[in-house]
Amino acid sequence: MTKRAIEARETAKETLLKQFDKITPKEVYEAYLRGDQVSEEILKDAFSYIGVACANLITLYNPEVLVLGGGVSSIGDFFFDSVRASAKRNCLDFLFDACEILPSGLGKDTGLKGALAVAKMGFESL
């Protein structure tokens, strides 16, 4: 996402991304919130790839629930609607319909909290 945003900042005629010296997903999202079409397309594409990954997980493991967390998931409905739509396009209907894609209740630091839990389990098993 960041690489594509940097390229767009250099090549697009009109984008709010040109206002930022440093580009991170946060700046892409801020530009999207201010109506930037380029940022919206970048986010939609990124979320589409996440949806493909979800479809692959659903197809391989047939889970009842996929829980997504981390900073980008805090975007909310735009993120989850885009991911679900992409997963549905890339998955067998009966598998997709049997699985819910839900937000984590752990907030934006989900990855850090998971890593700490794994480290703690590893330490306790010594």
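For what it's worth, my numbering labels the leading residue of the sequence shown as 1, then goes sequentially. In this text, a Cβ means the ideal position worked out from N, Cα and C, and glycines have one as well. Since we're looking at a predicted model, the values are computed, not measured.
Query: Three-way DSSP call (helix, strand, coil) for Leu-112 in this model; Result: helix
Query: Segment contact, 8 Å Cβ cut-off, at least three pairs: the region 50-68 with the region 18-30; Result: no
Query: Reference Met-1; option with closest CA among Val-38, Ser-86, Leu-33, Glu-124; Result: Val-38
Query: 8 Å contact criterion, which Phe-96 and Ala-87 should meet: CB distance rounded; Result: 6 Å
Query: Closest by C-alpha distance to Arg-84, when choosing among Leu-106, Ala-55, Leu-17, Thr-110; Result: Ala-55
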